[in-house]
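2 protein chains.
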Amino acid sequence: MGDSPASGADTVAAIGEFGLIRQVTEGRPQPSTTLLGPGDDTAVVAAPDGRVAVTTDALVEGVHFRLDWSTPTQVGRKAVAVNLADIAAMGAVPTSVVVALACPPETPTAVAAELLDGVAAEAQRVHVGVVGGDMVRAESIVLTVTALGDLGGRAPVTRSGARPGDVVAVCGRLGWAAAGLAVLSRGFRSPVSVVNAQRCPDPPYAAGPAAALAGATAMIDVSDGLLADLAHLAEASVVGIDVSSERLTVPERLVDVATALGADPMHWVLTGGEDHALAATFRSLSDLPEGWCPIGSVTAPEAGVTVDGSPYDREPGWRHWT
Amino acid sequence: MGDSPASGADTVAAIGEFGLIRQVTEGRPQPSTTLLGPGDDTAVVAAPDGRVAVTTDALVEGVHFRLDWSTPTQVGRKAVAVNLADIAAMGAVPTSVVVALACPPETPTAVAAELLDGVAAEAQRVHVGVVGGDMVRAESIVLTVTALGDLGGRAPVTRSGARPGDVVAVCGRLGWAAAGLAVLSRGFRSPVSVVNAQRCPDPPYAAGPAAALAGATAMIDVSDGLLADLAHLAEASVVGIDVSSERLTVPERLVDVATALGADPMHWVLTGGEDHALAATFRSLSDLPEGWCPIGSVTAPEAGVTVDGSPYDREPGWRHWT
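In order, the protein sequences belong to chains A and B. The C-terminal residue of the first sequence carries number 1002 in the numbering used here, and the numbering is unbroken. The C-terminal residue of the second sequence carries number 1002 in the numbering used here, and the numbering is unbroken.
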């Protein structure tokens, strides 16, 4: 439509869409599920199960990330990780991603290339193909990833199968990204362990299919915060959930950071988003696969989501937009 | 991360992500390929072929559309259409889309809802499910759609299978959207036929699988302009292509508009993007399915892409970013 003036030689405007796409896709290894990789009108990906799990999530500069807090590579990795965590939360194994990168024309080529390098790095780490993409001009950076996954013959584990009496369990970290955000928001850059947790999550991808195999009755990715996401699961299953706070061990690192900042580490664990742990329900304690920790139980719907039998009296997690 | 101040009551900030998603997904019919629709961590879509074609394309306000030129519904439809045309260009039948909508918090709820209504309308028109989505805050509107398609047992028709001697053919409209853009750019709003072609394409989706069945050797979606996209196909196939201008009938409507604006209608036909016609190559004229028109022939690679045997001496189509 309109054309904007081209900027310096090392900008995406100068190199152009096709140049950049070529730069970031050429020579990348592809897993065996990639039947036809980037470069045509569509990619073609294996779906041996005859069904495909699909999800999409976008990260926006200034909303979901800041390039003075994270490297472009970390942002690219995070954009993939948040999507693959959704795939895992259905009990599926991710096969491929496509990525749409919107950015201002004056964006340095290196920044755009590193964003896409991060996308490729996180995907490659778990044998997922980056099979296609689009690059467009926009006022700010918006990185939208869509992930596909294979269910391997298993039923998808939805949010709606929990029943009163089920055990509630989690796998993965809770509160780390929230602690990192608190640190970064106060202008600090350490401790690196919590700061890096905010910059890029480390979701327990394999724990999703393992939970599905073990008979998980419901499952969700903890993106908004434990209590907020358990509330989504409880609503879909028409049940209540009680979390036992003594089951939630607060890592020493979070205690240290909270003490330094005058914060409550248990609040981070209960409500902090962006760690992308998995939460699931199981019929009995003996069903839990390795790495899953019981943290509560499914109750009657009228009880709602409670902590130690009482409603939690602080904001239960990330609120979108408001 | 940061919070922006909430605006008026009828904005996306006020209704929130979950309210809007509920508003646009509840009660929507889903085709039989949608095994699990929106509302969980991922959707699950049938992939009976055991392979899935996947593509993603983003539309950005001020770059790909203007809301003083198009209604939000037209923009939503276009975002789906450009993706489904890519699916068709592989010879696949689209099954589902997911949509990520980034928009400023002060966007009126009605605008966001109509964008998503347009997405649903175009999808529903061709029995495609809108199976999932994400809504995020951003500085401007970015609408990213990812489409999945099923190959029905056919080999994907790539860009790289054309051989010298093949017939080049097109199906669908050429130059209409370019004429519409010329009209809109001069501040006019009619004739509606060309203006609406710019606002929302009408790709010949079914012609893609039909061409695949008929033995098309290569195929591409004409998004950037006929000569530009034939150049992509020629490059991938390592061939040249000669277009015969006398085979390209210029519709009377385009002649009228061009006369009024002092423009060359054949230039629109040869270089205008956004109509999303399909271009393909076939071994012989008798292979062309109904609706496909021969427009040229595949030549030796050193000849490049020519019109009536000569290089085309004007800009061959949409240039990204620059």
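Virtual Cβ for every residue (Gly too), placed ideally from N, Cα, C.
query: Cβ distance (whole Å) where residue 912 of chain A is taken to contact residue 762 of chain A below 8 Å; result: Rounded, the Cβ-Cβ distance is 16 Å, inconsistent with contact.
query: Beta bridge counterpart(s) of residue 741 of chain B as assigned by DSSP; result: B/745
query: Where the beta strand (DSSP E) through residue 977 of chain B begins and ends; result: 973-979
query: Closest by C-alpha distance to residue 752 of chain B, when choosing among B/991, B/708, B/800; result: B/800
query: Partners in chain B for residue 946 of chain A, counting only beta-carbon separations shorter than 8 Å; result: Those within 8 Å of residue 946 of chain A in chain B number zero; the least Cβ separation is about 22 Å.
query: Bounding residues of the alpha helix (DSSP H) (the contiguous stretch that carries residue 951 of chain A); result: 945-951
query: Which listed residue (B/881, B/897, B/855) has its alpha carbon closest to that of residue 944 of chain B; result: B/855
query: Contact list for the region 777-807 of chain B against chain A, Cβ threshold 8 Å; result: 778, 779, 780, 782, 785
query: Residues that DSSP places opposite residue 828 of chain B in a beta bridge; result: B/734, B/776
query: Cβ pair residue 980 of chain B, residue 937 of chain B closer than 9 Å; result: no
query: Residue 843 of chain B burial status per 10 Å Cβ neighbour count (16 or more: buried); result: exposed
query: Inside the region 750-809 of chain A only - beta strand (DSSP E) runs reaching at least 3 residues; result: 773-783
query: Residue 893 of chain B burial status per 10 Å Cβ neighbour count (16 or more: buried); result: exposed
query: The region 782-801 of chain B in contact with the region 689-698 of chain B per 3-pair CB rule at 8 Å; result: yes
query: Residue(s) in a DSSP beta bridge with residue 962 of chain A; result: A/847
query: Beta-carbon neighbours of residue 839 of chain B, restricted to chain A and to distances below 9 Å; result: 719, 720, 721
query: Cα-Cα separation between residue 897 of chain B and residue 908 of chain A, rounded to whole angstroms; result: 52 Å
query: Buried versus exposed call for residue 1001 of chain A [16 or more other C-beta atoms within 10 Å across all chains shown]; result: Its pLDDT being 47, under 50, residue 1001 of chain A is placed unreliably by the model, and nothing is read from it.
query: Short Cβ contact (9 Å threshold) for residue 722 of chain A with residue 829 of chain B; result: yes
query: Rounded Cβ spacing between residue 738 of chain B and residue 740 of chain A (contact assumed at less than 8 Å); result: The Cβ separation is near 13 Å, so there is no contact.
query: Residue-chain proximity (residue 890 of chain A, chain B), Cβ-Cβ < 9 Å; result: no
query: Residue 853 of chain B and residue 881 of chain B closer than 9 Å at C-beta; result: yes
query: C-beta neighbour in chain B for residue 820 of chain A, strict 9 Å; result: yes
query: Inter-residue CB distance, residue 987 of chain B and residue 950 of chain B (contact presumed, cutoff 8 Å); result: 7 Å
query: CB-CB length for residue 803 of chain B against residue 958 of chain B, believed under 8 Å; result: Wrong, their Cβ atoms sit about 19 Å apart, outside the cutoff.
query: Spatial neighbours of residue 687 of chain A in its chain, beta-carbon cut-off 8 Å, leaving aside the 5 residues before and after; result: Low confidence applies here, because residue 687 of chain A scores a pLDDT of 46, under 50, leaving its location unreliable and the question unanswered by this model.
query: Residues within the region 849-871 of chain A neighbouring chain B, beta-carbon criterion of under 8 Å; result: 861
query: Rounded separation between residue 772 of chain B and residue 901 of chain B - CA only; result: 12 Å
query: Rounded distance between the beta-carbons of residue 733 of chain B and residue 724 of chain A, thought under 8 Å; result: 5 Å
query: Per DSSP, the bridge partner or partners of residue 930 of chain B; result: Residue 930 of chain B is not bridged to any residue.
query: Chain-ordered neighbours of residue 910 of chain B on chain A, where CB pairs are closer than 7 Å; result: The premise fails here: residue 910 of chain B is roughly 14 Å from chain A at the closest Cβ pair, so nothing lies under 7 Å.
query: Selected residue, minimal CA-CA separation from residue 827 of chain B, among B/840, B/860, B/812, B/777; result: B/777
query: Other residues of its chain near residue 718 of chain B: CB distance less than 8 Å, five sequence neighbours each side excluded; result: 701, 705, 810, 811, 812, 813
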